[in-house]
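A.B. asks: Residue numbers (the numbering used here): 228 to 479. By construction, the Cβ of each residue, glycine as well, lies at the ideal position given by its N, Cα and C atoms. Note that the structure is predicted; figures quoted are calculated from it, not measured. Have a look at this one before I ask anything.
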Ligand SMILES: C[S@@+](CC[C@H](N)C(=O)[O-])C[C@H]1O[C@@H](n2cnc3c(N)ncnc32)[C@H](O)[C@@H]1O
């Protein structure tokens with residue numbers, strides 16, 4: 228049985244290595260595998276596109292849980308404009324370093340100074356109550372050892388009337404015990420994923436209303452071949468996991 232601390236250490240070490248290797252773009256045991264980011268940075272480790280589903284307006288404060296190298300932060304920031312803000316939270320120092328480098332390029336390119344990265348864990352967010360209008364997250368909550376705590380924190384950090392749009396991996400059936408304990412599969416965002424019903428239940432239990440699935444795609448064995456960890460378990464994993472994007476509202 229993994230403790231919360233040991234899960235954080237495992238994840239930090241996998242994503243620290245991914246951040247360090249990003250310039251050589253090697254394969255990784257991480258969620259989604261390295262892909263080119265839309266603007267700043269080389270590292271996008273995502274399983275959806277929460278910004279595309281978010282109706283970001285000028286002046287909004289957007290919070291990105293597990294912001295990594297900042298891919299979604301840098302897409303959201305021009306949409307909020309100079310009067311808005313985007314805050315990325317991540318617990319891996321190497322990722323924050325990569326994000327800081329990307330921020331310099333972003334500022335030089337856009338002239339915007341509305342982005343901030345904070346070090347912290349998503350189970351205890353380094354933000355004030357009601358600070359955010361919108362919370363996004365891309366392939367991160369599955370890595371948390373305490374998903375109900377993440378949704379409770381998201382609820383606290385949102386202003387009444389605010390919403391979350393999160394892309395993540397959920398399970399459609401139980402994984403065999405050997406796969407559940409596999410560290411590489413954990414970092415690859417599969418072994419730590421929750422059953423779909425539990426995941427949506429945790430959002431509801433945190434107090435959110437109007438929960439809606441905006442995207443839902445089931446992984447087949449062929450999709451998993453690109454990643455060295457998931458490829459080995461290809462047949463067993465066929466159809467076992469889906470990438471979903473969920474909307475939920477904190478009512479006024
Ligand atoms: C799969 S990557 C996704 C990064 C980014 N959202 C993207 O789409 O490129 C997961 C990121 O979440 C961070 N992370 C994982 N668990 C976390 C936690 N409990 N608290 C804070 N950050 C976490 C990792 O450090 C890593 O940067």
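Residue ranges of each alpha helix (DSSP H) run of no fewer than 4 residues wholly in the stretch 364-439, ordered along the chain?
C.D. replies: Entirely contained in the stretch 364-439, the alpha helix (DSSP H) runs reaching 4 residues are, in chain order, 374-384, 404-407, 410-414, 423-432.
A.B. asks: Which residues are close to ligand 1, meaning CB closer than 5 Å to any heavy atom, in chain order?
C.D. replies: Going along the chain, the residues that qualify are 238, 242, 258, 271, 272, 273, 293, 295, 298, 317, 318, 319, 322, 348, 349, 365, 366, 367, 370, 371.
A.B. asks: Would residue 357 and residue 385 qualify as a contact pair, given that the criterion is a beta-carbon distance under 8 Å?
C.D. replies: Yes.
A.B. asks: Tell me, to the nearest whole angstrom, how far the beta carbon of residue 239 is from that of residue 318; I am working on the premise that it is less than 8 Å.
C.D. replies: About 6 Å; that satisfies the 8 Å criterion.
A.B. asks: Is the separation between the beta-carbon of residue 438 and that of residue 473 shorter than 8 Å?
C.D. replies: Their beta carbons are under 8 Å apart, which means residue 438 touches residue 473 by this criterion.
A.B. asks: Please determine if the stretch 300-319 and the stretch 402-422 are in contact, where contact requires at least 3 C-beta pairs separated by less than 8 Å.
C.D. replies: No: the two stretches stay apart, fewer than three of their Cβ pairs being nearer than 8 Å.
A.B. asks: Any idea what DSSP makes of residue 351, helix, strand or coil?
C.D. replies: Residue state, collapsed to three classes: strand.
A.B. asks: Can you tell me whether residue 441 is helix, strand or coil according to DSSP?
C.D. replies: Here residue 441 sits in strand by DSSP.
A.B. asks: CA-CA distance, residue 372 and residue 416?
C.D. replies: Cα-Cα distance, rounded: 12 Å.
A.B. asks: Considering residue 476, what are the terminal residues of the alpha helix (DSSP H) in which it resides?
C.D. replies: Segment 468-476 is the beta strand (DSSP E) holding residue 476; no alpha helix (DSSP H) there.
A.B. asks: Taking the alpha-carbon of residue 343 as reference, which of 337, 308, 374, 300 has the nearest alpha-carbon?
C.D. replies: Ranking 337, 308, 374, 300 by Cα distance to residue 343 puts 300 first.
A.B. asks: Can you tell which of 302, 241, 422, 387 has the C-alpha that lies nearest to the C-alpha of residue 477?
C.D. replies: Checking every option, the nearest Cα to that of residue 477 belongs to 387.
A.B. asks: If I follow the unbroken alpha helix (DSSP H) through residue 239, where does it start and stop?
C.D. replies: It spans 231-247 - the alpha helix (DSSP H) in which residue 239 sits, taken as one unbroken run.
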